[in-house]
Structures are given as C-alpha cells and as structure tokens.
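Trainee: Heads up, the sequence shown is in the working numbering, so the first residue is 29 and it goes up one at a time. A virtual CB, placed ideally from N, CA and C, is assigned to each residue, including glycine. Model, not experiment: these values are computed from the prediction. Can you keep this structure in mind? I'll have questions shortly.
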Amino acid sequence: MRPYVILVVLLAIHRCSCVTPHSDCQNLPTFPSVSIGDCTEQPCKLKSGTTVKFDLSILVRGYVTSMKVKVNAYAMGATVAYPLPNDDVCAGLTDAECPLDDGELVNFQLLFPVLDSFPAVPCIATVTVTSDQGVQGCMTASLQVVR
C-alpha cells in the first residue's frame with residue numbers, strides 16, 4: 029500500500045509542475061489544464077526558431093465531430109491572428125479520436141512554431157478551440173519571444 033501512495037503523490041507532483049499559469053477568457057468555457065512547453069511563470073519565454081508544445085485538456089461540450097483552434101496575439105496595440113500550420117484539433121488529440129461525446133475529457137497538443145521573424149516583444153496570446161457546438165475552451169497567456 030505504501031509504495032502505491034508514494035507513486036500517486038509523485039505523479040500528482042509531476043502533473044502539477046507542468047501546469048502553466050494562464051487566465052481564462054471571460055464568459056467562455058475554460059481548459060481544465062494548460063501546459064505551454066516548460067513554462068511555469070508568466071511571461072512564458074518562447075525561443076525563436078523552435079516549436080513549442082501547448083498541451084490543453086478539453087472538457088467536450090455536446091457531441092462534436094470536428095474542432096478548430098485559433099491563436100491571436102495582442103502586442104503593441106494590435107491583435108494579429110497567428111496562421112497555424114494545422115488548425116484541426118481532432119488531428120492533435122493525443123488520447124482520443126473525433127467524434128467526441130459530451131462530457132469527454134480529452135488532451136490536445138498544439139505545435140506552435142516560434143518563427144525567427146517574430147519580434148522579441150511581450151504579447152498576450154489567446155487560444156480558442158471551437159466546434160459546431162460553439163466554444164470548447166479559451167485561455168490567455170503572456171508570452172515573450174527570446175533570441
């Protein structure tokens with residue numbers, strides 16, 4: 029029994045250490061868990077020329093056959109939509125396949141290329157996942173591109 033308790037505690041500590049501080053979008057569904065690379069404090073430092081993994085847990089609302097992700101960045105007074113290489117959430121699910129049932133908890137991995145052309149300025153990124161049922165989750169995080 030004792031080794032089992034130790035294992036559960038270690039797994040809980042590991043899981044908690046991967047959570048990235050973020051803000052929920054006002055009046056929209058939230059992501060139960062958010063992890064941006066190895067970021068544990070804001071602003072998250074994103075190294076130019078790398079690809080950062082955004083791991084998001086999604087609590088599915090309604091019967092869903094497809095989902096899309098959108099990322100907007102707000103910096104220097106302007107909001108810019110970030111063109112993702114693949115906006116198909118179903119293709120990025122790590123533990124399930126679409127279609128999904130109401131109440132399922134699934135994990136989505138977004139691969140986010142940090143292009144060399146990105147300016148090294150602080151920004152607020154908003155990540156939104158939508159389906160034909162509406163918004164499935166939304167969050168914001170402070171990001172900083174570093175060279």
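Can you round the beta-carbon distance between Tyr110 and Ala101 to whole angstroms, since I take them to be within the 8 Å contact cut?
Mentor: In the sequence shown, residue 110 corresponds to position 82, counting from 1. In the sequence shown, residue 101 corresponds to position 73, counting from 1. With 8 Å as the limit, Tyr110 and Ala101 qualify as a contact, their Cβ atoms being about 6 Å apart.
Trainee: Per DSSP, what kind of secondary structure is Cys118 in: helix, strand or coil?
Mentor: Sequence index remark: in the sequence shown, residue 118 carries index 90 (1-based). Of the three classes helix, strand and coil, the one that applies to Cys118 here is helix, per DSSP.
Trainee: Taking its Cβ as the centre, do 16 or more other Cβ atoms sit within 10 Å of Ala148, making it buried, or is it exposed?
Mentor: Position 120 of the sequence shown, counted from the start, is the residue given in the question as residue 148. By the 16-neighbour rule on beta-carbons within 10 angstroms, Ala148 is exposed.
Trainee: DSSP state of Asp160, grouped into three classes?
Mentor: Walking along the sequence shown from the start, residue 160 turns up at place 132. Asp160 falls in the coil class under three-state DSSP.
Trainee: So, are the CB atoms of Gln172 and Pro71 less than 8 Å apart?
Mentor: Here residue 172 is taken as the residue at index 144 of the sequence shown, counted from 1. Here residue 71 is taken as the residue at index 43 of the sequence shown, counted from 1. Contact: yes.
Trainee: Alpha carbon to alpha carbon, how far is Cys67 from Thr48?
Mentor: Here residue 67 refers to the residue found at position 39 when the sequence shown is read from its first residue. Here residue 48 refers to the residue found at position 20 when the sequence shown is read from its first residue. Answer to the nearest angstrom: the Cα atoms are 6 Å apart.
Trainee: According to DSSP, is Asn135 part of a helix, a strand, or is it coil?
Mentor: Sequence index remark: in the sequence shown, residue 135 carries index 107 (1-based). Three-state DSSP puts Asn135 in a strand.
Trainee: Look at the alpha carbon of Leu139 and the alpha carbon of Gly162, and state the distance between them as a whole number of angstroms.
Mentor: If you number the sequence shown from 1, residue 139 lands on position 111. If you number the sequence shown from 1, residue 162 lands on position 134. Near 23 Å, if we compare the C-alpha coordinates of Gly162 and Leu139.
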